[in-house]
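Asks: Letter by letter, the sequence shown follows residues 1 to 220 in the working numbering.
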Amino acid sequence: IEAYRTLRTNLLVSAVDKPIETLIVTSPVPQDGKSTTVANLGVIMSQAGKSVILVDADLRRSALHKVFRLPNREGLTNVLLQNEPILDGWLQETGIANLRLLSSGPLPPNPPELLGSQKMRRLLENLTKEADMIIFDSPPMLAVTDATVLSMMADGVLVIADAEKTRRGALKEAVQNLQQAGANILGAVLNRVPLRGNEYGYYRYDYYGHRKRRRGLFAR
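#1: Between which two residues does the beta strand (DSSP E) carrying R100 extend?
#2: Just checking, does the stretch 22-32 make contact with the stretch 143-152 on the three C-beta pairs under 8 Å criterion?
#3: Anyone know if the C-beta pair for L64 and S104 falls short of 9 Å?
#4: Rounded to whole angstroms, how far is the Cβ of P139 from the Cβ of D58, which I believe are closer than 8 Å?
#5: Just confirm the distance between the C-beta atoms of S14 and L99, as a whole number of angstroms; I'd bet it's less than 8 Å.
#6: For G33 and L186, what's the separation of their Cα atoms in angstroms?
#7: What is the residue span of the beta strand (DSSP E) that M133 lies within?
#8: Could you check where the beta strand (DSSP E) with L12 kicks off and where it finishes?
#9: In the structure shown, what three-state DSSP assignment does I20 receive?
#10: Comparing the CB of V25 with every heavy atom of the ligand PLP, is any distance shorter than 8 Å?
#11: So which of E130, I135, P85 and M133 has the shortest CA-CA distance to L114?
#12: Roughly how far, in whole angstroms, is the beta-carbon of M152 from the beta-carbon of A183, given that I think they are within contact range, below 8 Å?
#13: For D162 and G95, what's the separation of their Cα atoms in angstroms?
#14: In chain order, what residues of the same chain have a beta carbon less than 7 Å from the beta carbon of A174, not counting five sequence neighbours either side?
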């Protein structure tokens, strides 16, 4: 948990001149721990008094509703299919003060087109009127173009890597792709760093049951 507090502090310090209202969280490849990082970061930010909305924009393998044990019958895709992307009735309470979720909803056949649409841009504007910070869980960078599309609309991007399995070349390629798109890369989080003594690193506690070293906020 202390590692996520450190991450929160680093993000807030990096945004002294211009607050980060919209943050994209992505990873080079699947199962690097990005969804767990999004959930824990949302909790930690809300505990600091920030009003936070988490958006599950991984329209290929949604996961945030599982973390918070909420339904996913309707969500982001339903909002984007409306004539006007308004939020009335779509945001779900997570049970944590100041923290709400816009789940993915039904997975569509055309995620890049939806995420890159003008409706998505208008939705982003509506979201920023609802909360201090919007954190997007987006698909892995090297698998599809969705995260790159979203990164061009956001204030910043956080890249998640797994110390045990993410290849350095994959991380480098993901960062280069974001740079080419003109994204504002705020930094990287390295999950599952081996711990020694009182040291700690950013770590993941995978909600699919792969327990590693230290408990995170949504460990089970």
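Yeah, the Cβ is synthetic: ideal placement off N, Cα and C, and Gly gets one too.
Note that the coordinates shown come from a computational prediction; the quantities given were computed from them, not determined experimentally.
Replies: On the basis of the supplied data:
#1: The count along the sequence shown starts at 1 and reaches residue 100 at position 100. Segment L99 to L102, the beta strand (DSSP E) holding R100.
#2: yes
#3: By 1-based counting over the sequence shown, the position of residue 64 is 64. By 1-based counting over the sequence shown, the position of residue 104 is 104. Yes, these two residues count as a Cβ contact at 9 Å.
#4: Walking along the sequence shown from the start, residue 139 turns up at place 139. Walking along the sequence shown from the start, residue 58 turns up at place 58. Confirmed, Cβ separation roughly 5 Å.
#5: For this step, residue 14 is matched to residue 14 along the sequence shown. For this step, residue 99 is matched to residue 99 along the sequence shown. That pair is no contact at about 21 Å.
#6: The sequence position of residue 33 within the sequence shown is 33, counting from 1. The sequence position of residue 186 within the sequence shown is 186, counting from 1. Between G33 and L186, the C-alpha separation is close to 17 Å.
#7: The residue given as residue 133 occupies position 133 in the sequence shown. Run containing M133: M133 to D137, per the beta strand (DSSP E) assignment.
#8: Counting from one through the sequence shown, the residue named residue 12 turns up at place 12. Careful: L12 lies outside any beta strand (DSSP E), inside the alpha helix (DSSP H) at E2 to S14.
#9: Counting from one through the sequence shown, the residue named residue 20 turns up at place 20. The answer is coil: DSSP assigns I20 none of H, G, I, E or B.
#10: Ligands in the displayed structure: none, and consequently the ligand PLP is not present.
#11: Reading the sequence shown from its first residue, position 114 is the one you call residue 114. For the residues E130, I135, P85 and M133, the minimum Cα distance to L114 belongs to P85.
#12: Here residue 152 corresponds to residue number 152 of the sequence shown, with the count starting at 1. Here residue 183 corresponds to residue number 183 of the sequence shown, with the count starting at 1. Correct: roughly 7 Å between the Cβ atoms.
#13: On the sequence shown, position 162 is the one that residue 162 refers to. On the sequence shown, position 95 is the one that residue 95 refers to. Each residue's alpha carbon lies about 29 Å from the other.
#14: Taking the sequence shown and counting its residues from 1, the one referred to as residue 174 is at position 174. Closer than 7 Å at the Cβ level, and outside the excluded window around A174, lie P28, M141, L142 and V159.
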